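Each residue of the sequence shown is one higher than the one before, starting from 1 at the first, in full-length UniProt numbering.
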Amino acid sequence: MDKTYPEDSKTEETKLAPTMKTAGESKRTVKKARKQRQKPLCAVCYEYIELRQIVPLKCGHIFHPMCVRRHIRAKVDARSLPITCLDTDCREELASAELEFFCNNRLYERLIKLQKELLVLQKDFFWTECPTQGCKFTGEWSGVEDDSFIYCTDCKVWYCASCRVEFHYYNSCKEYRAINGLPEPDFGSTGARTFKHLVENHNGFQQCTNCKNIVEKSGGCDHITCLCGYEFCYKCGGKYRNCDC
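Here it is, written out as structure tokens:
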């Protein structure tokens, strides 16, 4: 009967070592491949999204967070709102919470500013900033007259739009100013103005009469094609080829 010596066992282990190592590597490769297949693929950059980076939009689509941020920045740069899903077949608008999540502070401030500007252009009302120092809320009211008021949703306070103080319920603006020795309001310095007026008096801008978007022209002819597809004359704002310019 043949005997097995320690040297023979060691020789067998040595022979099997490469095979065992190869089998181990194969298992790791298969495991890695399975894990990779679990990661969703970003339809914008065509790279796999790490599981810790997955933040689905409310429509269910998933993209790299940085791709979403670039998409928002491009829309803000083009002054094109609303901002919708990156999927070309999906027209779902991104919610306010989603926009705030994917933006950095600077981009989000630009977005909010643009939203306010376009909102004012679509309606003929006046706007003013909250009188509280450091508050970025912008309120609206129907016109520049006494006893107009705004409600700041950030400060949770009603303000008099003319006097720029907490609203004085028991006195008219004229009475309040007389009692407290306040001068007549200077609406030019308080921000009480129409954005339309600013646009109309600025040589670098024109408003699309179709979608109310603001277009800036730095050169070239007066034939403008807006982002909405509408063509108009930059000089008078009329429909292209239908105006007398």
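Don't be surprised by glycine CBs; every beta carbon is placed ideally from N, CA and C. As the structure is a prediction and not an experimental result, all values here were calculated from the model.
Residue i, enclosing alpha helix (DSSP H) - first and last residue
i, result
"GLU50", "Here GLU50 belongs to no alpha helix (DSSP H), and DSSP marks it neither H nor E."
"HIS71", "65-77"
"ILE179", "173-180"
"PHE137", "Per DSSP, PHE137 belongs to no alpha helix (DSSP H) and is neither H nor E."
"LEU99", "96-102"
Own chain residues within Cβ distance below 7 Å of residue i, not counting five before or after
i, result
"CYS245", "ASP222, CYS233, LYS235, CYS236"
"TYR240", "HIS223, GLU231, PHE232, CYS233"
"GLY181", "none"
"CYS243", "CYS233, CYS236"
Enclosing beta strand (DSSP E) for residue i [first to last residue]
i, result
"ILE150", "149-152"
"PHE232", "231-233"
"TYR159", "157-160"
"ILE224", "223-225"
Own chain partners of residue i with C-beta closer than 8 Å, once the 5 adjacent residues on each side are dropped
i, result
"TYR48", "GLN36, LYS39, PRO40, LEU41, CYS42"
"ARG110", "VAL76"
"LEU114", "VAL76, ARG79, LEU81"
"TYR108", "LEU99, GLU100"
"HIS64", "CYS42, VAL44, CYS45, GLU47, ILE49, GLN53"
Rounded separation between residue i and residue j - CA only
i, j, result
"SER52", "ARG106", "At residue 52 the sequence reads Arg, which differs from the Ser that was named. Each residue's alpha carbon lies about 24 Å from the other."
"PRO131", "SER162", "11 Å"
"TYR176", "PRO183", "10 Å"
"ILE62", "GLY220", "40 Å"
"GLY229", "TRP158", "41 Å"
"CYS135", "LEU99", "20 Å"
"GLU117", "SER80", "12 Å"
"ALA78", "ARG164", "34 Å"
"ASN104", "GLU166", "33 Å"
"TYR170", "GLN133", "25 Å"
"ARG91", "ILE72", "14 Å"
"GLY60", "ALA97", "15 Å"
"GLY238", "ALA74", "28 Å"
"ILE150", "TYR46", "48 Å"
"PHE187", "LYS156", "Low confidence applies to PHE187: its pLDDT is 49, below 50, so where it sits in the model is not reliable, and the reading given next is rough at best. Roughly 23 Å separates the two Cα atoms."
"GLU168", "GLU129", "According to the sequence shown, residue 168 is His rather than Glu. Taking the straight line from one Cα to the other gives about 18 Å."
"THR88", "GLN206", "29 Å"
"LEU57", "ALA178", "55 Å"
Whole-number beta carbon distance between residue j and residue i, since they are thought to touch under 8 Å
i, j, result
"CYS152", "PHE137", "5 Å"
"LEU86", "VAL55", "About 13 Å separates the two Cβ atoms, so there is no contact after all."
"ILE83", "LEU94", "5 Å"
Beta-carbon proximity list for residue i, same chain, < 6 Å, skipping 5 on both sides
i, result
"VAL68", "PHE102"
"ASP154", "CYS135, PHE137"
"GLU50", "none"
"ARG70", "none"
"MET66", "none"
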